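Here's the structure, in structure tokens; my notes come after.
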Amino acid sequence: MANDIDLHLGKRLRRRRRLLGLTQQQLAVAVGIRFQQIQKYECGANRISAARLWQLAEALEVPVSYFYDGLADAQARSEAEKADEPRGEGMMARKETMDLVKAYYQLEERPRRRLLDLAKSLNNEPTV
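Just so you know, we're using our numbering here: the sequence shown kicks off at 162 and counts up by one.
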């Protein structure tokens with residue numbers, strides 16, 4: 162399971178790479194690794210070592226600190242989300258949630274309102 166810091170570093174890596182218009186392959190060649198490793202870094206599946214972070218920073222023309230910018234804020238948001246959601250899962254990141262939202266917006270306005278009212282009423286029912 163990816164650590165919040167690994168995820169943050171990966172997002173910053175992807176953002177900078179895309180900003181420069183580089184493909185994962187181009188960045189991988191620049192630092193001497195395979196593009197699959199860049200994929201793993203970007204999704205937080207693999208941790209980025211200090212030495213590799215230095216190489217990536219050089220290739221992307223940013224200071225190493227760039228990757229950590231906004232980390233404290235991201236961690237605070239993550240902790241707040243975990244406190245509000247069951248089992249600490251990101252509600253909007255779940256496939257089930259996205260499927261429900263897509264189906265909801267495929268309905269016409271009146272059935273959408275009725276479905277929303279139904280969902281709200283179910284939430285207020287006492288459990289048996």
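Where a beta carbon is used, it is the ideal one built from N, C-alpha and C, also for glycine. These numbers come from a predicted model, not from an experiment.
Asked, Found
"Sub-7 Å separation of residue 220 and residue 192 beta-carbons", "yes"
"Top-ranked residue by Cα proximity to residue 211, from 200, 204 and 224", "224"
"Sequence-distant residues of the same chain with beta carbon closer than 6 Å to residue 232, five excluded per side", "169"
"Reduced DSSP secondary structure (H/G/I, E/B, other) of residue 268", "coil"
"Residue 203, buried or exposed, once every other Cβ within 10 Å from all chains shown has been counted against 16", "buried"
"Under 7 Å between C-beta atoms of residue 199 and residue 183", "no"
"Three-way DSSP call (helix, strand, coil) for residue 262 in this model", "helix"
"Contacts around residue 196, its chain only, beta-carbon distance under 7 Å, and the 5 residues preceding and following it disregarded", "185, 186 and 189"
"Burial state of residue 273 (16 or more Cβ within 10 Å)", "exposed"
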